[in-house]
């Protein structure tokens, strides 16, 4: 008698990255609306702006809007469906011996993938409201405090998990395996805090209430600063271990985790700058923003290159992406492509166009935007491929009892 099996049946909290990646792709489609649809009167496009652009725009504009809305809807669905599956599977996983073993190992930090994915889904929910709900902007000031409460609860979860891990490994020696620290997997807590921070920074950019903006600025700065400190410390110690022991093969994709961390923190800084400008009369020139975003891109290019070199040398793609092997860590490949795509959109529009280096919708604009879209297409292909690999059922022969 044959049984069905799928790789995802052997659960790991790393599978929360499947939800994260789908949510990130929904954000890449929102970039089309963010920077192509006029939205005078508020910092982001809303349902009414999109409908106005649809009714008066060219066929190219209508095509862009249609693709964006379809992409947001589809990948938001994948994001939420995957999150629900993960929450259910994680609940069952916590009752197994595997969970106890994980809690006693370096891999305890993979539990931070849950608050990371939760924070992304809150961001995705806000995007869905903006683009699909008429009249939402009229009550948005009431929604910002609710959003900050949601992010606050996720932050509490994240800090409790981080506290459990650091309390265990720093209170006594010998419980942290330095030889297994040969990847950037330990940056997952920093990524989670950065994602929560960028969520907290949204009201700073969008609200007109000084108390809301100030609260968002302070809390997002707190979380973002801790994320930066954690990133630097964890990456430095991990790199030393990698030089000595080589990079852990299945954790190879984590070498590029710095790319999404840089993107979410970069967006946080841009949002904070907007709030400081509109509410507290703080001013940053377009040229300064352009150079700042260029520096962030430089960091991302460096770590994309580092990851590509190591993964190619290890033959990672031929085994775990296009080949027969499966590893939950493969989903960590999606985030860098998503993050670089989003950062390119910001660099092009908030940097080069705002500083009048290139003309919006000119040849240079579309040439650079093509790079962002190319990275987006790779991310989409990865998600669809990995979902088939990990969640498709295959027939296996049943082994008779001895």
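Numbering (my numbering), first residue to last: 215 to 616. No residue lacks a Cβ here, since even glycine has one placed at the ideal position from N, Cα and C.
Pull up the CB-CB distance for residue i and residue j, whole angstroms please, since I reckon it's below 8 Å.
{"i": "residue 327", "j": "residue 289", "result": "Rounded, the Cβ-Cβ distance is 18 Å, inconsistent with contact."}
{"i": "residue 508", "j": "residue 568", "result": "Not confirmed; about 13 Å, so no contact."}
{"i": "residue 282", "j": "residue 545", "result": "Actually they do not touch by this definition, with Cβ atoms about 24 Å apart."}
{"i": "residue 556", "j": "residue 241", "result": "6 Å"}
{"i": "residue 579", "j": "residue 585", "result": "Actually they do not touch by this definition, with Cβ atoms about 11 Å apart."}
{"i": "residue 333", "j": "residue 265", "result": "That pair is no contact at about 29 Å."}
{"i": "residue 398", "j": "residue 331", "result": "Actually they do not touch by this definition, with Cβ atoms about 18 Å apart."}
{"i": "residue 246", "j": "residue 278", "result": "5 Å"}
{"i": "residue 562", "j": "residue 583", "result": "6 Å"}
Buried or exposed: residue i, going by 16 or more other Cβ atoms within 10 Å of its Cβ?
{"i": "residue 273", "result": "exposed"}
{"i": "residue 491", "result": "exposed"}
{"i": "residue 391", "result": "exposed"}
{"i": "residue 322", "result": "buried"}
{"i": "residue 603", "result": "buried"}
{"i": "residue 356", "result": "exposed"}
{"i": "residue 570", "result": "exposed"}
{"i": "residue 559", "result": "buried"}
{"i": "residue 315", "result": "exposed"}
{"i": "residue 564", "result": "buried"}
{"i": "residue 552", "result": "buried"}
{"i": "residue 342", "result": "buried"}
{"i": "residue 263", "result": "buried"}
{"i": "residue 512", "result": "exposed"}
{"i": "residue 454", "result": "exposed"}
{"i": "residue 310", "result": "exposed"}
{"i": "residue 354", "result": "buried"}
{"i": "residue 446", "result": "exposed"}
{"i": "residue 424", "result": "exposed"}
{"i": "residue 258", "result": "buried"}
{"i": "residue 480", "result": "buried"}
{"i": "residue 505", "result": "exposed"}
{"i": "residue 372", "result": "buried"}
{"i": "residue 575", "result": "exposed"}
{"i": "residue 595", "result": "exposed"}
{"i": "residue 370", "result": "exposed"}
Determine the closest residue to residue i out of the options, with distance taken between C-alpha atoms.
{"i": "residue 280", "options": "303, 251, 301", "result": "251"}
{"i": "residue 329", "options": "479, 449, 234", "result": "234"}
{"i": "residue 593", "options": "255, 518, 239", "result": "239"}
{"i": "residue 538", "options": "600, 589, 504", "result": "600"}
{"i": "residue 620", "options": "453, 462, 257, 261", "result": "Since the first residue of the chain shown is 215 and the last is 616, residue 620 is not available in this structure."}
{"i": "residue 254", "options": "246, 267, 399", "result": "267"}
{"i": "residue 542", "options": "341, 335, 269, 468", "result": "468"}
{"i": "residue 547", "options": "393, 590, 583", "result": "590"}
{"i": "residue 478", "options": "434, 465, 498", "result": "434"}
{"i": "residue 396", "options": "458, 366, 350", "result": "458"}
{"i": "residue 430", "options": "444, 414, 606, 436", "result": "414"}
{"i": "residue 482", "options": "456, 461, 427", "result": "427"}
{"i": "residue 436", "options": "455, 411, 374, 425", "result": "411"}
{"i": "residue 525", "options": "313, 460, 406", "result": "460"}
{"i": "residue 303", "options": "227, 257, 399, 263", "result": "227"}
{"i": "residue 471", "options": "403, 527, 536, 425", "result": "403"}
{"i": "residue 286", "options": "248, 389, 527, 534", "result": "248"}
{"i": "residue 336", "options": "360, 319, 349", "result": "360"}
{"i": "residue 534", "options": "463, 577, 371", "result": "463"}
{"i": "residue 466", "options": "401, 225, 505", "result": "401"}
{"i": "residue 386", "options": "562, 275, 318", "result": "318"}
{"i": "residue 244", "options": "338, 389, 498, 373", "result": "338"}
{"i": "residue 298", "options": "229, 595, 389, 494", "result": "229"}
{"i": "residue 367", "options": "530, 406, 502, 307", "result": "406"}
{"i": "residue 510", "options": "474, 498, 532, 496", "result": "474"}
{"i": "residue 597", "options": "307, 536, 576", "result": "536"}
{"i": "residue 340", "options": "394, 358, 224, 276", "result": "358"}
{"i": "residue 362", "options": "432, 306, 540, 307", "result": "432"}
{"i": "residue 351", "options": "549, 422, 451", "result": "422"}
{"i": "residue 374", "options": "456, 325, 497", "result": "325"}
Measure from the C-beta of residue i to each C-beta in chain B and report whether the shortest distance is under 8 Å.
{"i": "residue 380", "result": "This model lacks chain B altogether, as it is built from one protein chain only."}
Verify the contact flag: residue i, CB atom, against every heavy atom of the ligand HEM, threshold strictly below 7 Å.
{"i": "residue 470", "result": "Absence of the ligand HEM is noted for the structure shown, with no ligands found whatsoever."}
Task: Segment contact flag, the stretch 414–431 with the stretch 481–488, C-beta cutoff 8 Å, min 3 pairs - done: yes
TODO: For the stretch 292–303 and the stretch 366–383, state whether three or more C-beta atom pairs, one from each stretch, are separated by less than 8 Å.
DONE: no
Task: the stretch 505–525 contacting the stretch 439–450, beta-carbon criterion three pairs below 8 Å - done: no
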